[in-house]
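Engineer: According to the numbering used here, the sequence shown is numbered sequentially starting from 100.
Glycine is no exception: its CB is placed at the ideal position from the N, C-alpha and C atoms.
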Amino acid sequence: MIDRETRPMSVEEETRATLQRDRPFGALAPNSAQLFLIGLARRTFLHRGKFRHLMTRLITAIKAPIDVTRYDCNYRIMGKNNLIEYGLLLHPDYNRTEIEFLIAGLGDGAALDIGSNMGLYSLPLARSAMRVVAIDANKSMADRLRFNAHASGLDNLDIMHIAVSDKPGKATLHVHKDDLAIVNIQEDPTGVVEVNTLENIITGLGITKIDVLKIDIEGYEDKALAPYLNSVSDDLIPDRIVIERLGPDDYPECHKAFVKLGYEAVGRTRSNSLFQRKF
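(1) For threonine 368, which residues in the same chain have their Cβ closer than 8 Å to its Cβ, ignoring the five residues on either side in sequence?
(2) Compare the Cα-Cα distances from valine 311 to each of Val167, Leu182, Lys355, Gly204 and report the closest residue.
(3) Kindly list the residues whose CB is nearer than 6 Å to the CB of tyrosine 170, restricted to its own chain and excluding five residues on each side of it in sequence; keep chain order.
(4) In terms of alpha-carbon separation, which member of Tyr327, Gly290, Gln285 lies closest to leucine 297?
(5) Using DSSP with H/G/I as helix, E/B as strand and the rest coil, what is tyrosine 193?
(6) Would you call the CB atoms of alanine 270 and alanine 325 closer than 9 Å?
(7) Using the three-state DSSP reduction, which class does phenylalanine 144 fall into: helix, strand or coil?
(8) Distance, Cα to Cα, glutamine 133 vs leucine 304?
(9) Using the three-state DSSP reduction, which class does leucine 373 fall into: helix, strand or coil?
(10) Is glycine 214 closer than 9 Å to aspartate 315 when the C-beta atoms are compared?
(11) Look up lysine 238 in the DSSP assignment and say whether it is helix, strand or coil.
(12) By the 10 Å Cβ neighbour count, where 16 or more other Cβ atoms means buried, how is valine 291 classified, buried or exposed?
(13) Would you kindly report the start and end of the unbroken alpha helix (DSSP H) that includes alanine 228?
(14) Methionine 259 by DSSP, collapsed to three states: which one?
(15) On the three-state DSSP scale, how would you describe glycine 268?
(16) Between which residues of its own chain and alanine 116 is the CB-CB distance below 8 Å, once the five residues before and five after are set aside?
(17) Mind reading off the beta-carbon distance from aspartate 321 to glutamate 352? Whole number of angstroms is fine, and I expect it under 8 Å.
(18) Of the residues Ser264, Lys149, Phe246, which one's Cα is nearest the Cα of leucine 256?
(19) Tell me the residue span of the alpha helix (DSSP H) that contains valine 358.
(20) Which residues in the same chain have their Cβ closer than 6 Å to the Cβ of leucine 335, if we skip the five residues on either side of it in sequence?
(21) Whose CA, out of Ile340, Ile284, Thr307, lies closest to the CA of leucine 319?
(22) Cα-Cα, which of Asp121, Gln119, Val231, Ala140 is closest to lysine 89?
(23) Using the beta-carbon count (16 or more within 10 Å), is threonine 159 buried or exposed?
(24) Do you know how far the Cα of phenylalanine 357 is from the Cα of glutamine 375?
(25) Suppose the cutoff is 8 Å on Cβ atoms and the five residues either side in sequence are ignored; what does the same chain contact list for arginine 120 look like?
Here it is, written out as structure tokens:
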């Protein structure tokens, strides 16, 4: 079946640079009207579902971009076509459970954020981790993350503009419902996005130990994560994983790898499943 809500991503979307990098962080702080609307949404049902989208569009129609601080990190919010930004801006505890779960599992190894977007997970992890590897196939998202990392004073991130699969190659990007947070890759030898295996990416960076991993790559988890878990040494297998969702029917190869490696489900939020390795 053809997904009529998915279309190829335009060159402009892949390379868009509208963050006003010449303005230091804080120069684009919300004005009084925006602060009122943000506070209203966080206190009421307006931070949920479709209301969250509508409120963000209303807030950023007043002025955009806007600078906000969440989870002790700084973000420049564009507020257009990115559901991660909607939640970060308006939901009072957006993905807090997942972020705190991963932070609690950090030790002397690295943290991996696969499908990092503009840094919802990467930046809070970098506050506590020795090293964070943030991977996103969308160049504009990698660029936004670089800006946000710099604005947050964080220099312990490896930000990789690359797609992850079970073999090296090339890919094109397809966006769902015009939302830049919902981007699929389609492997294509004529594509412009580099594709590599997670093992190749990690070993190429010289990383020898992984503590935690988050992955959200719109249905490509089986091709990206399962081969990695089935092939690497024990030190490179994370103790904790957050995955967009996981039941036996969602990502069967990941599910089999999780069972084999001794992961147990220890939590579930509306959007994600939390797994911890027990042996």
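Structural biologist: The short version:
(1) Excluding positions up to five away in sequence, the list reads Asn194, Thr196, Glu197.
(2) Comparing Cα positions, the closest option is Gly204.
(3) Pro223
(4) Taking only the C-alpha atoms, the option nearest leucine 297 is Tyr327.
(5) coil
(6) Here alanine 270 is not near alanine 325, since their CB atoms are 9 Å or more apart.
(7) helix
(8) Roughly 41 Å separates the two Cα atoms.
(9) strand
(10) yes
(11) helix
(12) With fewer than 16 Cβ atoms within 10 Å of its Cβ, valine 291 is classed as exposed.
(13) It is not in any alpha helix (DSSP H) - alanine 228 carries neither H nor E in the DSSP assignment.
(14) strand
(15) strand
(16) Because alanine 116 carries a pLDDT of 48, less than 50, the predicted location of this residue cannot be relied on, and no value is offered for it.
(17) 4 Å
(18) Phe246
(19) 351-360
(20) Ile309, listed in sequence order.
(21) One point to set straight first is that residue 319 is tyrosine, not leucine, in the sequence displayed. Out of Ile340, Ile284, Thr307, Ile284 has the C-alpha closest to the C-alpha of tyrosine 319.
(22) Since the first and last residues shown for the chain are 100 and 378, residue 89 lies out of range.
(23) buried
(24) 9 Å
(25) Phe246
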